[in-house]
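Those sequence lines, one after another, are chains V and H.
Counting from 162, one number per residue, gives the positions in the first sequence under the working numbering.
Counting from 76, one number per residue, gives the positions in the second sequence under the working numbering.
To start, the structure under review is shown below, and the notes come after it.
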Amino acid sequence: MSADILADGRIARRFAALKAQRRAGLVTFITAGDPDPAVSQAVLNGLPAAGADLIELGMPFTDPMADGPAIQASSLRALKAGMTVRRTLEMVRVFRRQDADTPIILMGYFNPIHAYGVEPFLAAAREAGVDGLIVVDLPPEEDEELCIPALKAGVSFVRLTTPTTDEARMPMVMRNTSGFVYYVSIAGITGTASASNTAIDAAVARLKRHTDLPVAVGFGIKTPDQAAEVARVADAAVVGSAIVTRLADGIDGSGTVRPGTVEDVLGFVGELAKGVRAARG
Amino acid sequence: MTKLNTYRSGPDERGHFGIFGGRFVAETLMPLILEVEKAYREARADPAFEGEMRQQLKQYVGRPNPLYYAERLTEQLGGAKIYFKREELNHTGAHKINNCIGQILLARRMGKTRIIAETGAGQHGVATATVCALYDMPCVIYMGETDIARQQPNVFRMKLLGAEVRAVTSGSGTLKDAMNEALRDWVTNVADTFYIIGTAAGPHPYPAMVRDFQSVIGDEVRSQMQELEGRLPDSLVACVGGGSNAIGLFHPFLDDPSVQMVGVEAAGRGIEKGPLDHAASINGGRPGVLHGNRTYLLQDEDGQILEGHSISAGLDYPGIGPEHSWLHDVGRVEYAYATDREALDAFQLCARTEGIIPALESAHGLAEVIKRAPKLPKDHLMVLCLSGRGDKDIFSVAKHLGVEL
Chain V
162 MSADILADGR
172 IARRFAALKA
182 QRRAGLVTFI
192 TAGDPDPAVS
202 QAVLNGLPAA
212 GADLIELGMP
222 FTDPMADGPA
232 IQASSLRALK
242 AGMTVRRTLE
252 MVRVFRRQDA
262 DTPIILMGYF
272 NPIHAYGVEP
282 FLAAAREAGV
292 DGLIVVDLPP
302 EEDEELCIPA
312 LKAGVSFVRL
322 TTPTTDEARM
332 PMVMRNTSGF
342 VYYVSIAGIT
352 GTASASNTAI
362 DAAVARLKRH
372 TDLPVAVGFG
382 IKTPDQAAEV
392 ARVADAAVVG
402 SAIVTRLADG
412 IDGSGTVRPG
422 TVEDVLGFVG
432 ELAKGVRAAR
442 G
Chain H
76 MTKLNTYRSG
86 PDERGHFGIF
96 GGRFVAETLM
106 PLILEVEKAY
116 REARADPAFE
126 GEMRQQLKQY
136 VGRPNPLYYA
146 ERLTEQLGGA
156 KIYFKREELN
166 HTGAHKINNC
176 IGQILLARRM
186 GKTRIIAETG
196 AGQHGVATAT
206 VCALYDMPCV
216 IYMGETDIAR
226 QQPNVFRMKL
236 LGAEVRAVTS
246 GSGTLKDAMN
256 EALRDWVTNV
266 ADTFYIIGTA
276 AGPHPYPAMV
286 RDFQSVIGDE
296 VRSQMQELEG
306 RLPDSLVACV
316 GGGSNAIGLF
326 HPFLDDPSVQ
336 MVGVEAAGRG
346 IEKGPLDHAA
356 SINGGRPGVL
366 HGNRTYLLQD
376 EDGQILEGHS
386 ISAGLDYPGI
396 GPEHSWLHDV
406 GRVEYAYATD
416 REALDAFQLC
426 ARTEGIIPAL
436 ESAHGLAEVI
446 KRAPKLPKDH
456 LMVLCLSGRG
466 DKDIFSVAKH
476 LGVEL
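And the structure:
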């Protein structure tokens, strides 16, 4: 059984608070800098009040191999607008001036971190107020690259588990994971198919046999109803592509963000939050 | 420079060549990657697998192909004695088929029923579509829309062979995007699908597996040179994109200290112009992580991957196989480069002096031969891997020479 080695961090405190409220959490994903730094910061700053309990902030990468079309497009928009790892950390710093409690987990691919330098990146991330990392292309086989240095630096390393993670692999996958476990509910890419409720129920039950950490479920959750279904059984529901798509809908053909887009995205997050909060009512 | 007892023992059990290689893939793929590794290890130990592969390489591919003494070119350059390893005479016209035969036999052994692959210039796509037709397996080839537009004949070839060619519109629509899309397909269809990677890159065990399947090139050169000259060659030259023909030629000779080796990268419009103008990952890039392995990459300061450029679509990839990165760092292999212009000149010289139209990829290797051979003594035995034939390139060459077809 793995337990959280960073038990006093924001992630652990947030899940403890959710448990006390007897409800699941809503984890929202946006790509840092999408579609431009100002709009992205406004969305990020508004997420807690809209009902996000934890925030995954995507670090844009040119080659997001595990992501579907929505998140790929959002990464390219952000890069085109000049987003970098440094600016992503700066967004977190700005966010922390107004919010000291909502956990932020950076999500992305290894190469931009590798280029920044692992130790300098971890120091800068911790200083900026980052609580955890999800790095898609670092399986437990490559733990020495970032996972172990991150844990030493006091940054959680949230592991992905998938329908293909078998019983034999599970202890290895759980070994150095911290904060929570992210269950990818389909074998596939983000924002495409959705798993059935029975499959998710079974998967969460299986994970709970292997860990005391909270289990968040994501990939394919598009509506408040689907989020509510997941929130019945999981400790948190993760929504990414649907939010990013909502944001993309607010961009017109010339790349200009229509007025009201930030409010619309946050309104959608509010609906998702309502679904999640009512799930065990 | 580090002196090692052997350069041929890599990778280690975790797929590392020094700091390079590894298995940087999403968790969904990891169990499958481990399964491929196990199946490959077992297949190598099984004489029946080796036997079927040898049989197909002989009867279907047409191996061994000749080690040909390029007499007129040798005379013209006035130095080293130049041999061509004639991979362009293989069925489908390039070395790519060697690897595809090996991988499809492995896929069948694993009980997989569907094949996917990525392609840039279309040579690996054609080779994959060919073995899929031979073994009656459904085949999906991912190809960037930019590449589809400039490689129409190969797109049609793949379709004739029964493959489905899927246009990749994400990113910049070239080889790296095709590889991303193939990985997305694989993640979604892990249960029944085998991914035939075309070059000696990607997550472990692919770099080692592709190298092993391509090592038939170097093994044949060794015995053919023994027969022709009674000794080892003095130098080996091959073009390097991902580097599968080069590693196949070099690997059997890595522990023969007298054999010098040169990999030739694509310098495009010139390395000094910066990473958007060439595709030379070692000469103009730095180590990073992409497509499952750590290796030299074309990337910006922020670790974003850059689109390389080369006149040759087969060398136009922002990375290189991890074993090459290691061989560079330990100093066993030298990595040179040739520009678009030099490759075009070599292409034409080869056609006129030897009556062989080489692939533009192979012409990069030949450009290096043209630079080196005149300075070497006449008893220096130099082998160029003529990795493919140039029929596919005549349209782009004509365009660059200002000729209307």
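No residue lacks a Cβ here, since even glycine has one placed at the ideal position from N, Cα and C.
Note that this is a predicted model, so its numbers are computed, not measured.
TODO: Would you give the residue range spanned by the alpha helix (DSSP H) that glycine 200(H) belongs to?
DONE: For the purposes of this step, residue 200(H) is taken as residue 125 along the second sequence, with counting starting at 1. Note, glycine 200(H): alpha helix (DSSP H), 198 to 209.
TODO: Would you check if the distance between the CB atom of alanine 388(H) and the CB atom of aspartate 222(H) is smaller than 9 Å?
DONE: If you number the second sequence from 1, residue 388(H) lands on position 313. If you number the second sequence from 1, residue 222(H) lands on position 147. Contact flag set, yes.
- [ ] Select from Gly316(H), Ala266(H), Glu88(H) the residue whose C-alpha is nearest the C-alpha of alanine 355(H).
- [x] For the purposes of this step, residue 355(H) is taken as the residue at position 280 of the second sequence. Checked all of Gly316(H), Ala266(H), Glu88(H); the closest Cα to alanine 355(H) is Gly316(H).
Open item on the list: Just verifying my parser: in three-state terms, what is the DSSP assignment at phenylalanine 99(H)?
Closed with: Stepping through the second sequence from its first residue, residue 99(H) is reached at position 24. Looking at phenylalanine 99(H) - three-state DSSP - the assignment turns out to be strand.
Task: Contained alpha helix (DSSP H) runs [length at least 4] in the stretch 297 to 364 of chain V, N- to C-terminal order - done: 308 to 313, 331 to 336
Open item on the list: When you compare the CB positions of serine 437(H) and leucine 456(H), do they come within less than 9 Å of one another, or not?
Closed with: Residue mapping note: residue 437(H) aligns to position 362 of the second sequence, counting from 1. Residue mapping note: residue 456(H) aligns to position 381 of the second sequence, counting from 1. No. Outside cutoff.
Task: Extent of the continuous beta strand (DSSP E) to which asparagine 368(H) belongs - done: In the second sequence, residue 368(H) corresponds to position 293, counting from 1. 367 to 372 is the extent of the beta strand (DSSP E) around asparagine 368(H).
Task: Under 7 Å (Cβ pairs) to chain V, residues found in the stretch 211 to 229 of chain H - done: none
Task: Beta carbon proximity, proline 300(V) to chain H, threshold 9 Å - done: Against the first sequence, residue 300(V) aligns to sequence position 139. Cβ-Cβ to chain H under 9 Å: yes for proline 300(V).
Open item on the list: List, in chain order, every chain V residue whose beta-carbon is nearer than 7 Å to that of valine 100(H).
Closed with: Counted from its first residue, the second sequence places residue 100(H) at position 25. Asp298, Pro300, listed in chain order.
Open item on the list: Between methionine 185(H) and chain V, is any beta-carbon pair separated by less than 9 Å?
Closed with: Taking the second sequence and counting its residues from 1, the one referred to as residue 185(H) is at position 110. Cβ-Cβ to chain V under 9 Å: no for methionine 185(H).
Task: Interface residues of the stretch 355 to 378 of chain H facing chain B [CB-CB below 9 Å] - done: Among the protein chains in the structure shown, which are V and H, there is no chain B.
Task: Partner residues on chain H for glutamate 303(V), Cβ-Cβ distance less than 7 Å - done: The count along the first sequence starts at 1 and reaches residue 303(V) at position 142. Under the 7 Å cutoff, chain H gives Gly97, Arg98, Phe99.
Task: Within-9 Å CB hit, isoleucine 380(H) to chain V - done: Against the second sequence, residue 380(H) aligns to sequence position 305. Yes - at least one Cβ of chain V is within 9 Å of the one on isoleucine 380(H).
Task: Element boundaries [alpha helix (DSSP H), containing arginine 257(V)] - done: Locating residue 257(V) in the first sequence gives position 96, counting from the first residue. Start and end: 246 to 257.
- [ ] Could you tell me if proline 452(H) is buried or exposed, where buried requires 16 or more neighbouring beta carbons within 10 angstroms of its beta carbon?
- [x] In the second sequence, residue 452(H) corresponds to position 377, counting from 1. The residue in question, proline 452(H), is exposed, as its Cβ has fewer than 16 Cβ neighbours within 10 Å.
- [ ] Check each candidate in Ser84(H), Phe159(H), Lys133(H) and name the one with the smallest Cα separation from cysteine 425(H).
- [x] Reading the second sequence from its first residue, position 350 is the one you call residue 425(H). When only C-alpha atoms are compared, the closest one is Phe159(H).
TODO: Could you tell me whether the Cβ of asparagine 272(V) comes closer than 9 Å to any Cβ of chain H?
DONE: Locating residue 272(V) in the first sequence gives position 111, where the first residue counts as 1. Judged by the 9 Å Cβ criterion, asparagine 272(V) is in contact with chain H.
Open item on the list: Tell me whether glutamate 127(H), by its Cβ, gets closer than 8 Å to a heavy atom of the ligand ZN.
Closed with: This structure does not include the ligand ZN; it has no bound ligands of any sort.
Open item on the list: Quick check on glutamate 217(V): does DSSP put it in helix, strand or coil?
Closed with: Translated into the one-based positions of the first sequence, residue 217(V) becomes position 56. Glutamate 217(V): strand per DSSP, three-state reduction.
Task: Beta bridge counterpart(s) of histidine 91(H) as assigned by DSSP - done: Numbered from 1 along the second sequence, position 16 holds the residue referred to as residue 91(H). Bridge partners of histidine 91(H): Gly96(H).
Open item on the list: Looking at chain V, is there any beta carbon in it that lies within less than 9 Å of the beta carbon of aspartate 252(H)?
Closed with: By one-based count along the second sequence, residue 252(H) stands at place 177. At least one chain V Cβ lies under 9 Å of aspartate 252(H).
Task: Inter-residue Cα distance where the pair is histidine 399(H) and aspartate 121(H) - done: For the purposes of this step, residue 399(H) is identified with residue 324 of the second sequence, where counting begins at 1. For the purposes of this step, residue 121(H) is identified with residue 46 of the second sequence, where counting begins at 1. C-alpha separation (whole angstroms): 28 Å.
Task: Local Cβ density within 10 Å of glycine 430(H), reported as buried at 16 or more and exposed below that - done: Position 355 of the second sequence holds residue 430(H). Classification of glycine 430(H): exposed, given that the 10 Å Cβ count is below 16.
Open item on the list: Pop quiz: glycine 401(V) and threonine 323(V) are said to be a contact at Cβ under 8 Å. What is the actual Cβ separation, rounded to whole angstroms?
Closed with: In the first sequence, residue 401(V) corresponds to position 240, counting from 1. In the first sequence, residue 323(V) corresponds to position 162, counting from 1. Contact doesn't hold; Cβ gap of about 16 Å is too wide.
Open item on the list: Using 8 Å for Cβ pairs, my map puts serine 317(V) next to aspartate 292(V). What's the rounded Cβ distance?
Closed with: Residue mapping note: residue 317(V) aligns to position 156 of the first sequence, counting from 1. Residue mapping note: residue 292(V) aligns to position 131 of the first sequence, counting from 1. At roughly 6 Å, the Cβ-Cβ gap stays under 8 Å, so serine 317(V) and aspartate 292(V) are in contact.
- [ ] Whole angstroms is fine: what's the gap from alanine 440(V)'s alpha carbon to glycine 277(H)'s?
- [x] Numbered from its first residue, the first sequence carries residue 440(V) at position 279. Numbered from its first residue, the second sequence carries residue 277(H) at position 202. Alanine 440(V) and glycine 277(H): Cα-Cα distance of roughly 43 Å.
Open item on the list: Quick check on this structure: which residue in Asp330(H), Pro280(H), Asn368(H), Ile386(H) has the alpha carbon closest to the alpha carbon of lysine 113(H)?
Closed with: Position 38 of the second sequence holds residue 113(H). Checking every option, the nearest Cα to that of lysine 113(H) belongs to Pro280(H).
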